[in-house]
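Residues 2 to 196 (the working numbering) are what the sequence shown spells out, left to right.
Where a beta carbon is used, it is the ideal one built from N, C-alpha and C, also for glycine.
Computed from a predicted structure; not experimentally measured.
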Amino acid sequence: MLYLIGGAARAGKTILAHRLFREHQVPYLCVDYFVSALEQGAPELGIVGESPTRPKAEALWPRLVGLLRNVVEVEPAYTVEGDALWPQGVAAFMAEYPGLVRACFIGYTETTPPRKLAEIRRHAGNVNDWIQHHDDGYVLNLCAEMIDWSRFLRDECARLGLPYVDASVAFAHGLERAFQRLLGGSADSANVPSP
2 MLYLIGGAAR AGKTILAHRL FREHQVPYLC VDYFVSALEQ GAPELGIVGE SPTRPKAEAL
62 WPRLVGLLRN VVEVEPAYTV EGDALWPQGV AAFMAEYPGL VRACFIGYTE TTPPRKLAEI
122 RRHAGNVNDW IQHHDDGYVL NLCAEMIDWS RFLRDECARL GLPYVDASVA FAHGLERAFQ
182 RLLGGSADSA NVPSP
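As structure tokens, then:
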């Protein structure tokens with residue numbers, strides 16, 4: 002089974018990947034590593050980690066799908082997570098490999114940049130926590146972009162029939178719902194806001 006976890010930056014994707022590894026020994030890859038490899042190794046592609054997420058995801062997908070095909074055909078279980086997973090591509094990929102891929106997108110549409118900034122700062126400090134090296138102005142701009150990205154993901158997932166979980170209000174509850182979706186939980190929990 003290939004698990005695809007997409008969504009906004011700082012929405013809990015890596016936490017979910019760590020949990021799949023810890024509880025089910027499913028290894029994972031962060032899409033950011035692939036983006037960095039392309040940015041440094043093939044700059045002519047124009048894929049830049051710091052660029053806006055939507056164009057980055059659109060440009061990345063045709064390069065990422067080959068890696069995903071190899072993973073789903075070779076690995077018994079693997080997780081790929083990142084903010085640059087493209088919903089249209091994910092839906093088509095799942096149709097190409099029925100029963101072998103599960104996906105869930107997670108975001109935060111019902112918050113504000115200042116509220117999300119405060120939440121991020123409150124929970125900062127994990128190993129390799131890249132965001133702690135950025136000032137509040139940078140993070141506020143990122144939060145605004147990610148709220149917009151979350152809204153796009155929510156709408157696209159609804160249109161494509163993909164699970165989307167909003168973790169704006171009850172973060173831990175949202176992560177649990179996303180985790181259950183990845184494990185094959187009920188479709189009733191998709192696209193339903195957290196309480």
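- Residue pairing of R103 in beta bridges, as defined by DSSP: Y4.
- Here the C-alpha atom of R182 lies approximately 25 Å from the C-alpha atom of E146.
- Between the C-alpha atoms of E51 and A179 there is a straight-line separation of about 26 Å.
- With fewer than three CB-CB distances shorter than 8 Å, the stretch 169-179 does not count as touching the stretch 135-142.
- Taking the Cα positions, G42 is about 10 Å away from F35.
- C-alpha of F106 to C-alpha of L176: approximately 10 Å in a straight line.
- Here DSSP, grouped into helix, strand and coil, assigns V81 to strand.
- Looking at the backbone, the Cα of P77 and that of E24 are separated by about 16 Å.
- Following the DSSP letters along the chain, one finds D156 inside the alpha helix (DSSP H) bounded by residues D137 to L161.
- For V166, there is no enclosing alpha helix (DSSP H); the residue is part of the beta strand (DSSP E) that begins and ends at Y165 to D167.
- The beta carbon of V102 sits closer than 7 Å to the beta carbons of L3, L5, V73, F94 and M95 from its chain, once the five residues preceding and following it are set aside; these are given in chain order.
- Taking a C-beta distance under 8 Å as the contact criterion, E40 and I48 qualify as a contact pair.
- L30: member of the beta strand (DSSP E) spanning Y29 to C31, first to last residue.
- Per DSSP, the unbroken alpha helix (DSSP H) holding G67 starts and ends at T54 to V75.
- Closest option to D33, judged by alpha-carbon separation, among H19, V27, L69 and V81: V81.
- DSSP, read as helix, strand or coil, puts G175 in helix.
- With a cutoff of 8 Å on beta-carbon distance, T110 and D167 are scored as near each other.
- Under the three-state reduction of DSSP, G47 is assigned to coil, being neither helix nor strand.
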